[in-house]
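To start, the structure under review is shown below, and the notes come after it.
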Amino acid sequence: MADAREYVLSGTRGTVAVREWPRERPRYVALVVHGYGEHVGRYEEVAGVLVTHGAAVFGPDHMGHGRSAGERVLVEDFEDVVTDVHAVADLARSAHPDAPLVLIGHSMGGLIAARYAQRYGDVLTALVLSGPVIGDWELPRRLLALDEIPDTPISPAALSRDPAVGAAYTADPLVWHGPMKRPTVEAFARTLDTAAKGGDIGRLPLLWLHGDDDRLVPLAGSRVGIEQLSGGGLGNLTERIYPGARHEVFNETNKAEVFADLTRFLDGVLTG
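Sequential numbering from 12 applies to the sequence shown in the numbering used here.
Written as structure tokens, this is what we have:
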């Protein structure tokens with residue numbers, strides 16, 4: 012795989028760091044939207060799979076995350092993040108104007124990607140959501156009911172059955188290991204409601220990937236959002252639920268199966 016390239020864009024609330032994993036004459040462009048507290052650099056292996064499959068891959072660090080500007084993990088309005096992702100999509104489409112665009116969102120990135128599809132679905136060829144924060148995610152309600160949000164960081168063991176994943180996450184200086192911030196939690200609650208009322212994505216092909224032992228974003232709550240987004244399952248929904256898998260299915264012990272499901276879905280969409 013060719014060396015990654017770095018860009019800096021002017022975002023809605025400061026500079027946004029963007030990474031590209033290039034591919035000459037790509038079959039498609041994949042835009043990766045990372046989750047809460049992390050950064051797009053954690054998707055190196057995913058990008059490698061996609062580049063090998065024929066994609067040029069782009070992904071930003073969201074505001075307050077990774078190498079982008081802003082107070083750490085502070086997101087006051089996720090609609091601004093969606094707008095920033097659209098600027099990255101414009102960068103990718105200007106580089107490869109004839110290539111189909113696929114959006115891949117994980118966890119918080121799944122919420123951002125879902126809103127992107129509701130706002131800009133006409134530019135997308137496919138949508139992939141991994142452990143998405145959509146539907147009935149009860150954590151914001153629980154935290155906002157407290158006078159003070161506790162300093163309880165994400166448990167590395169909740170990410171994957173592979174202990175090496177949790178160890179790397181713990182040691183990563185670009186990952187946030189502190190408490191959630193109230194404005195961010197409030198923004199989660201608002202955007203979950205906005206997405207629920209934002210309508211379905213019609214016939215846009217949607218792949219939903221989820222571990223059935225996901226303790227951070229439980230399966231049942233996300234299913235509510237997937238059904239809303241896909242029009243009650245009447246659209247082009249493909250569902251893959253992995254027994255025993257935890258939150259980060261791309262980093263799970265069965266990741267080869269997950270990557271095969273991902274590339275098979277994309278082949279079906281691209282050959283249509």
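Ideal placement from N, C-alpha and C gives every residue a C-beta, glycine not left out.
Just so we're clear, the structure is a prediction, and the values are computed from it rather than from any experiment.
Ranked by Cα distance from Leu281, the first of Gly25, Ala66, Pro71, Lys208 is Ala66.
Note that the C-beta distance between Leu122 and Leu203 is below 8 Å. At the C-beta level, Leu277 and His50 stay beyond 8 Å of one another. Counting along the chain, Glu55 sits inside the alpha helix (DSSP H) bounded by residues 55-64.
For Gly52, the three-state secondary structure derived from DSSP is helix.
In the three-state scheme derived from DSSP, where H, G and I count as helix and E and B as strand, Arg16 is classed as strand.
It is roughly 14 Å from the alpha-carbon of Lys192 to the alpha-carbon of Phe89. The Cβ neighbour count for Val27, taken over all protein chains shown within 10 Å, is at least 16; the residue is labelled buried. From the listed residues Leu42, Gly242, Ala179, the smallest Cα separation to Gly120 is found for Leu42.
With fewer than 16 other Cβ atoms inside 10 Å of its own Cβ, Tyr18 counts as exposed.
By the Cβ neighbour-count rule, Lys208 is exposed, with fewer than 16 other Cβ atoms within 10 Å of its own.
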